[in-house]
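Protein chains in written order, with the working numbering: chain D, 1 to 295; chain G, 1001 to 1420.
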């Protein structure tokens, strides 16, 4: 064995654990989901029966899937822009007060919600949102405004879940934006200021282009979070209700699999969700990454 | 003076002994030879169920029981399913009545007679005959029917008096009586007239109290023959009556957590919910709580439903199954039942068990009247059927669909799912 072979072998040895982990915990489950999607399987009885397209027909033909897909789209349309743009605005504000004595207070207050888990975030908001005697309704009533039923109102529930999800998640993006903005050389900003560029012009032409790698990362990870992680908040706050008005695709997947024990149907939903995530990620890399300026 | 040198090994051994000693002392009840069994339960370490477990372990009968809190019925069932799939089922699980078919036909709850016929007969003999059918599925005795509840009415007496209502609350009430009082409470205490009052009534937005209304009106969710009865005129009439206070603004339908929190905080005047709250509500509420029967439907005989759970054996190994039977025997005994009554369930045993509180009297009266089973959802898609009915109840309360339309739709959905 010559040196090149040894180098190739050692490289393969170093890469193998990662490849095996990805194969075992990513590709194998995807393949298993593909198999389960065409089987009628129950883990307790360990019985398998070929179901053909029955699971796919049951999922795609039912109302629940359409509602969950629509809700997932609305969550994305609301939360992705909000979780990208609002933290950017806050990070720009924090940069202005960087170094001041009050800055750490703002950092702590804005980042604190990120430290709790999604389900805890839901639990924290429950007493505030209680439609009968919750804190928010008490405040509305004190101001002479009508109370709301919040997460128990079919018309408001999805927006309430979005609000809580935003509260829980925006802090991480804020930190990322802030870190990216703080790496921009002050000289460039100062030069633009001397040349007469206003605040918004500086943000558009200096901050965002120079922070674009971080912006792209934030965009991709925020889409993942919105598609997947908010399921904990949905479970605690609304349980998918009222009458499935807040159910998204991952929650429907969990419900079909681990509440109704319809693993074939859950696998179909999993595959559809994987396809959506893959397409969205491809679109982002194909059309958004070209605008990214790498230093 | 001789001096022993302290080596690193000696130091570590000493530290290990120091850490282990308290644990060993705590575990005096359990011996190495004991059969160890796990009970997947809905009851945490501060509950009367833990007291039952602790009392049993203290007896040193050769079986050590561990109470594992696994959440509500749905969560515990899901965890047990995973454990059964992995070949490591809990020896016992507190199984909701509504999951009776699922427990037997899918999770494989054991027939107690198959484990030990003589012990099983003696065990079930500790419970009144009327509840034996609740744990008999496919001619198999699949558990111990020790946890029975029924929905009753809870009243905040401070609100009651503040509204000038008659404190002599009848033992039997109907919806006319209840809704009239709710309107009176709203008129007297609403609009900020009372500092804590926010809403007069909550009937519990779920599949259980709605079943009570359907049955009290003469209808059925699923009747004794297994037929879905939601589209029957009586069932529709029951649900129309159920929705009246929500549509009038007397009831803000919320989840059980919000409902309990609001009642305990003194924001709600009347709640109809599980009789097990006779323990929690008076402990947590800073006002006098009164109870009475669940409201009947005017002009109709009452036909109330039960709820709760049974203890079923899932152990596959003979030693574990026998150990589970030993624990069940204690649960069915006078001593076990005395301890268990602290949870707030009705006494379904033949033993003379003191009521944990006088507030449970209406529930006992309903038991004496005769209780039907909680809806037991059949078929492999039974859980989906339950969910469809829950959604239909919410839609009716929200006035998304008129009641007859929603009931016709629920009839079709539930019938299709339980037939699948």
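Glycine is no exception: its CB is placed at the ideal position from the N, C-alpha and C atoms.
ask   = Buried or exposed: residue 1252 of chain G, going by 16 or more other Cβ atoms within 10 Å of its Cβ?
value = Residue 1252 of chain G is classed as buried because its beta carbon has at least 16 other beta carbons within 10 Å across all chains shown.
message = Restricting to Cα atoms, I'd like to know which of D:227, D:258, D:264 is closest to residue 246 of chain D.
response = Considering only D:227, D:258, D:264, the residue with the shortest C-alpha distance to residue 246 of chain D is D:227.
query = Hey, residue 1427 of chain G and residue 1269 of chain G are a contact pair by Cβ (cut 8 Å); roughly how many whole angstroms apart?
reply = Here chain G comprises residues numbered 1001 to 1420, so residue 1427 of chain G is not present and cannot be evaluated.
message = Taking 8 Å as the threshold (beta carbon to beta carbon), is residue 49 of chain D in contact with chain G?
response = Residue 49 of chain D does not count as touching chain G.
ask   = Any chance the segment 1307-1315 of chain G sits against the segment 1087-1098 of chain G, with 3 or more Cβ pairs inside 8 Å?
value = Yes, the segment 1307-1315 of chain G touches the segment 1087-1098 of chain G.
query = Which residues, in chain order, does the segment 136-168 of chain D contribute to contact with chain G at a C-beta distance below 7 Å?
reply = Listed in sequence order: 149, 152, 154.
Assigned exposure category for residue 9 of chain D - 16 Cβ within 10 Å defines buried = Exposed is the label assigned to residue 9 of chain D, since fewer than 16 other Cβ atoms lie within 10 Å of its Cβ.
key: Complete beta strand (DSSP E) runs within the segment 1112-1174 of chain G (minimum length 3 residues, chain order)   = Given a length threshold of 3 residues, each whole run of the beta strand (DSSP E) inside the segment 1112-1174 of chain G is given here in chain order: 1144-1149, 1151-1156.
query = residue 241 of chain D touches chain G at which residues, Cβ-Cβ below 7 Å?
reply = Result: 1394.
message = For a cutoff of 8 Å on Cβ pairs, would you count residue 1115 of chain G as touching chain D?
response = For residue 1115 of chain G, the answer is no, since every Cβ of chain D falls outside 8 Å of its Cβ.
request  = Identify every run of the alpha helix (DSSP H) within the segment 97-175 of chain D, keeping only runs that are complete inside it and at least 4 residues long; order them along the chain.
outcome  = Counting only runs of 4 or more residues that sit fully inside the segment 97-175 of chain D, the alpha helix (DSSP H) segments are 103-111, 118-129, 135-142, in chain order.
ask   = Is any beta-carbon of chain G found at less than 8 Å from that of residue 128 of chain D?
value = It does not: the Cβ of residue 128 of chain D has no partner Cβ on chain G nearer than 8 Å.
ask   = Hey, is residue 1402 of chain G's beta-carbon within less than 8 Å of any beta-carbon in chain D?
value = False, the Cβ-Cβ gap to chain D never drops below 8 Å.
inquiry  = Output needed in chain order: residues of the segment 1242-1275 of chain G with a Cβ under 8 Å from some Cβ in chain D.
reply    = For the segment 1242-1275 of chain G, the beta-carbon criterion of a distance under 8 Å to any beta-carbon of chain D is satisfied by 1252, 1253, 1254, 1255, 1257, 1258, 1259, 1261, 1262, 1265, 1267, 1268.
Residue 1135 of chain G versus residue 1328 of chain G: straight-line alpha-carbon distance, rounded = Rounded to whole angstroms, residue 1135 of chain G to residue 1328 of chain G spans 14 Å at the Cα level.
query = In terms of residue numbering, what span does the alpha helix (DSSP H) encompassing residue 319 of chain D cover?
reply = As shown, chain D starts at 1 and ends at 295. That puts residue 319 of chain D outside it, with no answer to give.
query = How many angstroms separate the CA atom of residue 88 of chain D from the CA atom of residue 1344 of chain G?
reply = Going by C-alpha positions, residue 88 of chain D is about 54 Å away from residue 1344 of chain G.
ask   = Counting along the chain, where does the beta strand (DSSP E) carrying residue 1069 of chain G start and finish?
value = 1063-1069 is the extent of the beta strand (DSSP E) around residue 1069 of chain G.
ask   = Does the segment 89-106 of chain D touch the segment 158-169 of chain D, meaning 3 or more C-beta pairs lie closer than 8 Å?
value = No, because fewer than three Cβ pairs between the segment 158-169 of chain D and the segment 89-106 of chain D fall closer than 8 Å, the two stretches do not touch.
ask   = Who are the neighbours of residue 1383 of chain G on chain D, taking C-beta pairs under 8 Å?
value = In chain order: 259, 260, 261.
ask   = Taking the alpha-carbon positions, what's the residue 1028 of chain G to residue 1053 of chain G distance?
value = For residue 1028 of chain G, the predicted model reports a pLDDT of 47, less than 50, meaning its position is unreliable; a value from the coordinates is still stated below. Roughly 15 Å between the two C-alpha positions.
key: Short CB-CB distance (under 8 Å) between residue 131 of chain D and chain G   = For residue 131 of chain D, a Cβ of chain G is located within less than 8 Å of the residue's own Cβ.
task = Please report how far the alpha carbon of residue 61 of chain D lies from the alpha carbon of residue 1315 of chain G, in whole angstroms.
result = Going from the Cα of residue 61 of chain D to the Cα of residue 1315 of chain G covers about 39 Å.
Classification of residue 1155 of chain G by the beta-carbon crowding that lies within 10 angstroms, buried from 16 upward = Around the Cβ of residue 1155 of chain G, a 10 Å sphere holds 16 or more other Cβ atoms; the residue is buried.
query = Under 8 Å between C-beta atoms, does residue 43 of chain D make it to chain B?
reply = Protein chains D and G are contained in the structure displayed, whereas chain B is not.
query = Who are residue 1222 of chain G's beta bridge partners in DSSP?
reply = Looking at the DSSP output, residue 1222 of chain G sits in a beta bridge with G:1228.
query = Are the C-beta atoms of residue 1317 of chain G and some chain D residue less than 8 Å apart?
reply = Not one chain D Cβ lies under 8 Å of residue 1317 of chain G.
request  = Have a look at residue 192 of chain D and residue 288 of chain D and give me their C-alpha separation to the nearest angstrom.
outcome  = C-alpha of residue 192 of chain D to C-alpha of residue 288 of chain D: approximately 26 Å in a straight line.
Reduced DSSP category for residue 1371 of chain G - H, G, I as helix; E, B as strand; rest coil = The DSSP-derived three-state label of residue 1371 of chain G is coil.
query = Are residue 1362 of chain G and residue 1291 of chain G touching if we call contact CB-CB under 8 Å?
reply = Against a cut-off of 8 Å, the Cβ pair of residue 1291 of chain G and residue 1362 of chain G comes out as a contact.
inquiry  = Any C-beta of chain D within less than 8 Å: which residues of the segment 1086-1116 of chain G qualify?
reply    = Those would be 1106, 1107, 1108, in chain order.
task = Go ahead and pull the three-state DSSP assignment for residue 1107 of chain G.
result = Under the three-state reduction of DSSP, residue 1107 of chain G is assigned to coil, being neither helix nor strand.
request  = Report the partner residues of residue 1290 of chain G according to the DSSP bridge assignment.
outcome  = Its beta-bridge partners are G:1155.
request  = Sort out for me which residues DSSP pairs residue 50 of chain D with in a bridge.
outcome  = Per the DSSP secondary-structure output, residue 50 of chain D pairs in a beta bridge with D:39.
ask   = So, helix, strand or coil for residue 1003 of chain G, using DSSP?
value = Here the model assigns residue 1003 of chain G a pLDDT of 49, short of 50, so the residue's position is not dependable, and the following value carries that caveat. Coil.
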